[in-house]
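**Q** Chains as they are written, first to last, in this note's numbering: chain D, 7 to 243; chain A, 114 to 520.
C-beta: ideal position from N, C-alpha, C; glycine also.
Just so it is clear, the structure is predicted and the values come from calculations on it, not from any experiment.
Have a look at this one.
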Amino acid sequence: MDNDMRDDVIVTEGVEKTYDDSGVPVHAVRGIDYRLSKGEFTAIIGPSGSGKTTFLNLMAGLDTPTEGKVWLSGRLISDMSGRELSDFRRDNIGFIFQAYNLFPVLTVEENVEYIMLLQGVPGKERHDRVMGILEKVGLADLSGRLPLKLSGGQQQRVAVARAMVSDPSLVIADEPTANLDSATSGELLDMMRQLNEDTGMTFLFSTHDEIVMERARKIVVLRDGRIDGNADPKDFQ
Amino acid sequence: MFLRMLKFSWRNVWRNARRTVITGLAVGFGLASLLFTEGLMQGMTDHMVDATTDPWMGDVQIHREGFLDTRQLELTVNRPGEVMDSLSGDSLVQAFTPRILSPASLSSARELKPVTLIGVDGRSDPGVTMLRAAIDTGSYLSGDSMEIILGHRLAEDLEVELGDVLVITAAGTDSGLASSMFLLSGICNFGSEQLDRYSAFVNIRTAGDLLDLGDGFHEIAMVLPDPELARDTSLSLWDRYSAHGNSALGWTDLSPQISSMLDLVNISMLIMSAILFGLVIFGIVNSLFMSVYERMFELGIMKAVGTRPGTIGAMVVMEAFWLGLISTVIGLVLGILLIWITSGTGISFGEIEFSGITFSRPIYPDIDPGRAWMYPVFTILLVGLAGIFPGIHAARQNPAESMRRSL
């Protein structure tokens with residue numbers, strides 16, 4: 007890692023991912039060089055099949071590249087595997103997915119504290135931090151509820167709280183508003199942007215949603231597995 | 114963390130309550146049927162052992178070495194007084210009785226039949242055999258030298274009734290024939306072909322005089338507190354009474370076919386258990402795989418947020434453990450209830466004969482906790498083990514792949 011990387015949360019170098027689809031190779035990501043700086047609130051956009059989710063998975067260490075390297079917080083994660091990679095994700099990345107984000111048998115509080123439980127954070131500290139973040143996302147009074155008793159927007163807020171509670175270097179959100187109506191999506195994004203401004207935490211989205219795009223500070227356009235330049239968020243406002 | 118995962122897995126088990134209940138009932142019925150079969154087999158075993166030892170044999174017998182093979186009249190128990198004294202002071206021996214055994218012919222006014230003449234000590238015999246209890250008509254031996262008891266089948270064959278005259282002819286120890294006249298004093302029914310058709314019971318002193326044995330006798334039958342003790346080769350009584358040319362044998366040696374039968378019952382139970390547990394394992398593996406496939410996206414998220422593969426695998430094994438526990442509780446309740454009900458009413462097999470033993474009374478299932486504990490324990494263990502395969506499968510899933518395939 008060179009000195010230029012010090013302000014970057016993510017650096018990718020020639021990252022490629024090729025799937026085998028019944029014997030037919032599918033080139034989902036084709037040699038991407040990319041840097042994401044600390045504190046950014048960036049959206050990756052592109053048409054379906056452009057490789058957004060695959061690229062996000064590679065940057066999050068959820069998948070391994072066929073070629074190339076990925077650094078996250080200065081650590082080369084593309085060479086990690088198994089337990090080391092699990093622990094690294096646990097301590098450095100917060101995840102928000104488009105749906106079914108939460109564990110249905112755990113209450114809101116238990117969902118949010120889950121990662122800290124994996125980290126071995128003591129009970130009292132866990133509780134305080136959970137209640138603190140639930141306060142911030144406006145769900146402190148629903149901490150004992152099961153996810154199925156919450157609206158879609160409330161569930162995504164809980165997912166945001168879970169992603170941020172352990173203070174990760176990066177929050178990755180894959181189509182976080184895909185199942186929400188426009189008003190709820192706007193509220194959720196406003197809340198996330200506010201948290202980004204308050205905490206300086208880095209957010210990286212993949213999205214089709216203009217509500218996300220208009221609130222992003224940077225937009226990266228992906229097409230056919232390659233970065234096809236940047237877009238201006240103002241174009242979507 | 115462990116307790117949280119245990120709680121987490123418990124809740125996961127109840128996510129699909131219908132499936133859990135159906136799986137629990139399937140495994141529970143399997144366990145209940147095993148427990149019931151074990152109880153029934155135990156009841157049958159008890160009955161077979163009782164039917165072998167109670168009526169006549171006793172739990173242990175002492176003979177002069179070679180007597181059982183040759184039935185020679187002169188092979189009486191060595192040092193009879195010493196042996197009887199030792200038995201009187203033996204705390205392990207509940208009761209004992211001496212006997213004389215000899216082949217003889219028994220004739221009535223109309224028929225002649227070969228029999229085993231049995232000299233019985235009327236004072237000590239009731240503590241060991243069921244002869245007195247088996248008498249249907251007439252009376253037990255009072256000590257009168259003329260009295261004789263026959264089985265009901267033999268009485269029918271000889272066409273005799275109470276009070277009729279019978280003559281026994283037997284070879285004495287001097288090789289000469291000896292005869293004696295008796296009056297039929299009792300007719301018994303043991304439910305055993307050998308005792309009811311081929312045995313004649315007289316007082317031991319009368320038999321000794323007839324056969325010119327003096328105070329000698331051929332056999333001592335004894336009763337222990339539990340027939341199972343006769344299978345314990347470490348007991349001191351074997352050495353104590355297998356001395357001075359005598360030999361002490363337990364009912365398992367005296368009736369090896371019954372002992373083999375009991376071994377066969379154990380092997381049958383083992384095979385049946387293996388088959389049932391095998392089916393249980395496949396059922397549980399199937400149920401857990403369904404549960405894992407249904408939650409693929411969720412398992413992908415668990416992995417994505419940093420849950421170690423081993424933790425995910427352990428969670429699935431814990432779910433299997435809970436399923437095993439639920440199934441075991443259902444199985445124990447059903448099994449014990451079934452045994453409890455039938456142990457009161459008994460199960461009648463309608464006088465069937467099995468390995469020479471007539472099941473004349475109902476079988477009362479009985480559970481031996483010393484043996485039965487293994488069924489619930491094995492159920493929990495095996496069901497838990499059955500969770501390992503789906504657990505490994507869940508642990509090995511690539512998170513991105515799991516989520517992509519689930520959407």
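#1: Mind checking whether A/ALA334 and A/GLN155 have CB atoms under 8 Å apart?
#2: Does any residue of chain A bring its CB to less than 8 Å from the CB of D/LEU124?
#3: For D/ILE121, return the contacting residues in chain A, with the cut-off set at a CB-CB distance below 8 Å.
#4: In this structure, does DSSP put D/ASN236 in helix, strand or coil?
#5: Given A/SER170, which residues of its chain have a CB within under 8 Å of its CB, disregarding the five upstream and five downstream residues?
#6: Going by beta carbon distance, what residues of the same chain come within less than 7 Å of A/ASP238, once the five residues before and after it are set aside?
#7: Of the choices D/LYS142, D/ASP187, D/ASN98, whose alpha-carbon is the least far from that of D/ILE16?
#8: Would you report the Cα separation of A/GLY78 and A/PHE434, rounded to the nearest angstrom?
#9: Taking the alpha carbon of A/ASP322 as the reference point, which residue from A/SER347, A/THR165, A/LEU290, A/ILE135 has its own alpha carbon closest?
#10: Between the Cα of A/VAL315 and the Cα atoms of A/TYR354, A/GLU260, A/LYS226, A/ILE394, which residue gives the shortest distance?
#11: Return the residue from the list A/GLY504, A/TRP453, A/ILE505 that minimises the CA-CA distance to A/THR150.
#12: Would DSSP call A/ALA224 helix, strand or coil?
#13: Run through chain D and tell me which residues come within less than 8 Å of A/ARG124, C-beta to C-beta.
#14: Can you tell me which of D/PHE94, D/GLY74, D/THR72 puts its alpha carbon nearest to the alpha carbon of D/ARG81?
#15: Once you ignore the five residues that flank A/ALA343 on each side, which residues in its own chain have a CB closer than 7 Å to its CB?
#16: Answer yes or no: does any C-beta atom of chain A fall closer than 8 Å to that of D/SER92?
#17: State the Cα-Cα distance for the pair D/LEU30 and D/GLY55, rounded to the nearest angstrom.
#18: What are the start and end residues of each continuous beta strand (DSSP E) run of 3 or more residues lying completely inside the region 129-197 of chain D, in chain order?
#19: Report buried or exposed for A/GLY500, applying the criterion of at least 16 other Cβ atoms within 10 angstroms of its Cβ.
#20: When burial is assigned at 16 or more other CB atoms within 10 Å of the CB, is D/GLN160 buried or exposed?
#21: Which value, in whole angstroms, describes the spacing of the CA atoms of A/VAL233 and A/LEU392?
#22: With A/THR150 as the anchor, note down where its alpha helix (DSSP H) starts and where it stops.
#23: Is the Cβ-Cβ distance between A/ALA513 and D/ASP69 less than 8 Å?
#24: Whose CA, out of A/ALA283, A/THR492, A/ILE380, lies closest to the CA of A/GLN185?
#25: Taking any Cβ of chain D, which residues in the region 503-516 of chain A have a Cβ under 8 Å from it, in chain order?
#26: If we count Cβ pairs, one from each stretch, closer than 8 Å, do we get three or more for the region 208-225 of chain A versus the region 267-279 of chain A?
#27: What residues of chain D sit near A/GLU341, judged by a beta carbon separation below 8 Å?
#28: Please check if any C-beta of chain A sits within less than 8 Å of the C-beta of D/GLY158.
#29: Return the chain-ordered ranges of every beta strand (DSSP E) run that is complete within the region 30-61 of chain D and spans a minimum of 3 residues.
#30: For D/TYR47, go through chain A and note every residue whose CB falls closer than 9 Å to its CB, in chain order.
#31: Three-state secondary structure (DSSP) at D/VAL127?
#32: A/ILE445: which of A/THR346, A/ILE380, A/VAL418, A/PHE491 sits nearest, CA to CA?
**A** This is what the structure gives:
#1: Locating residue 334 of chain A in the second sequence gives position 221, where the first residue counts as 1. Locating residue 155 of chain A in the second sequence gives position 42, where the first residue counts as 1. No, these two residues do not count as a Cβ contact at 8 Å.
#2: As a position in the first sequence, residue 124 of chain D is number 118, starting the count at 1. For D/LEU124, the answer is yes, since a Cβ of chain A falls inside 8 Å of its Cβ.
#3: Sequence index remark: in the first sequence, residue 121 of chain D carries index 115 (1-based). Simply VAL418, GLY419.
#4: Residue 236 of chain D sits at position 230 when you count from the first residue of the first sequence. If DSSP states are grouped into helix, strand and coil, D/ASN236 belongs with the strands.
#5: Against the second sequence, residue 170 of chain A aligns to sequence position 57. The displayed chain sequence assigns Met, not Ser, to residue 170 of chain A. If we look at A/MET170 and ignore the five residues flanking it on each side, its Cβ neighbours are ALA334, TRP364, LEU367, SER368.
#6: To locate residue 238 of chain A, count along the second sequence from 1; it is residue 125. Contacts found: THR210, LEU244.
#7: Sequence index remark: in the first sequence, residue 16 of chain D carries index 10 (1-based). Comparing Cα-Cα distances from D/ILE16 to each of D/LYS142, D/ASP187, D/ASN98, the minimum goes to D/ASN98.
#8: Residue 78 of chain A is absent from the structure shown; chain A starts at 114 and stops at 520.
#9: Walking along the second sequence from the start, residue 322 of chain A turns up at place 209. For the residues A/SER347, A/THR165, A/LEU290, A/ILE135, the minimum Cα distance to A/ASP322 belongs to A/LEU290.
#10: Here residue 315 of chain A corresponds to residue number 202 of the second sequence, with the count starting at 1. Of A/TYR354, A/GLU260, A/LYS226, A/ILE394, the residue nearest in Cα terms is A/GLU260.
#11: Your numbering for residue 150 of chain A matches position 37 in the second sequence. Checked all of A/GLY504, A/TRP453, A/ILE505; the closest Cα to A/THR150 is A/TRP453.
#12: By one-based count along the second sequence, residue 224 of chain A stands at place 111. Strictly speaking, residue 224 of chain A in this sequence is Glu, with Ala absent from that position. Coil, per DSSP.
#13: In the second sequence, counting from the first residue as 1, residue 124 of chain A sits at position 11. The contacting residues are VAL111, LEU112.
#14: Start at 1 with the first residue of the first sequence, and residue 81 of chain D comes out as number 75. The option with the nearest alpha carbon to D/ARG81 is D/PHE94.
#15: Here residue 343 of chain A is taken as the residue at index 230 of the second sequence, counted from 1. Sequence-distant Cβ neighbours of A/ALA343 in its own chain, meaning closer than 7 Å and more than five residues away, are ASP172, VAL173, LEU337, GLY363, TRP364, THR365.
#16: Locating residue 92 of chain D in the first sequence gives position 86, where the first residue counts as 1. Judged by the 8 Å Cβ criterion, D/SER92 is in contact with chain A.
#17: Residue mapping note: residue 30 of chain D aligns to position 24 of the first sequence, counting from 1. Residue mapping note: residue 55 of chain D aligns to position 49 of the first sequence, counting from 1. Note on residue identity: the sequence assigns Val, not Leu, to residue 30 of chain D. Approximately 16 Å between the Cα atoms of the pair.
#18: 176-180
#19: Mapped onto the second sequence, residue 500 of chain A falls at position 387. Classification for A/GLY500: buried.
#20: As a position in the first sequence, residue 160 of chain D is number 154, starting the count at 1. Its Cβ being crowded by 16 or more others within 10 Å, D/GLN160 is buried.
#21: By 1-based counting over the second sequence, the position of residue 233 of chain A is 120. By 1-based counting over the second sequence, the position of residue 392 of chain A is 279. Answer to the nearest angstrom: the Cα atoms are 55 Å apart.
#22: Indexing the second sequence from 1 puts residue 150 of chain A at position 37. Per DSSP, A/THR150 belongs to the alpha helix (DSSP H) from 130-165.
#23: Mapped onto the second sequence, residue 513 of chain A falls at position 400. Mapped onto the first sequence, residue 69 of chain D falls at position 63. Contact annotation: A/ALA513 and D/ASP69 have beta-carbon atoms nearer than 8 Å.
#24: Here residue 185 of chain A refers to the residue found at position 72 when the second sequence is read from its first residue. Of the listed residues, the one whose Cα sits closest to A/GLN185 is A/ALA283.
#25: ASN511, PRO512, ALA513, GLU514, MET516
#26: yes
#27: Within the second sequence, numbered from 1, the residue matching residue 341 of chain A stands at position 228. Result: empty, since nearest Cβ-Cβ is about 50 Å, beyond 8 Å.
#28: On the first sequence, residue 158 of chain D is found 152 positions in, with the first residue counted as 1. No, no contact with chain A.
#29: Fully enclosed beta strand (DSSP E) runs of 3 or longer: 30-43, 47-51.
#30: Here the question's residue 47 of chain D lines up with position 41 in the first sequence. A quick correction: the sequence has Phe, not Tyr, at residue 47 of chain D. Per Cβ cutoff of 9 Å: no residues; D/PHE47 is ~21 Å from chain A at best.
#31: For the purposes of this step, residue 127 of chain D is taken as the residue at position 121 of the first sequence. In the structure shown, D/VAL127 sits in coil (DSSP, three-state: anything other than H, G, I, E or B).
#32: As a working mapping, residue 445 of chain A is identified with position 332 in the second sequence. What sits at residue 445 of chain A in the sequence shown is Leu, not Ile. Closest option to A/LEU445, Cα to Cα, is A/PHE491.
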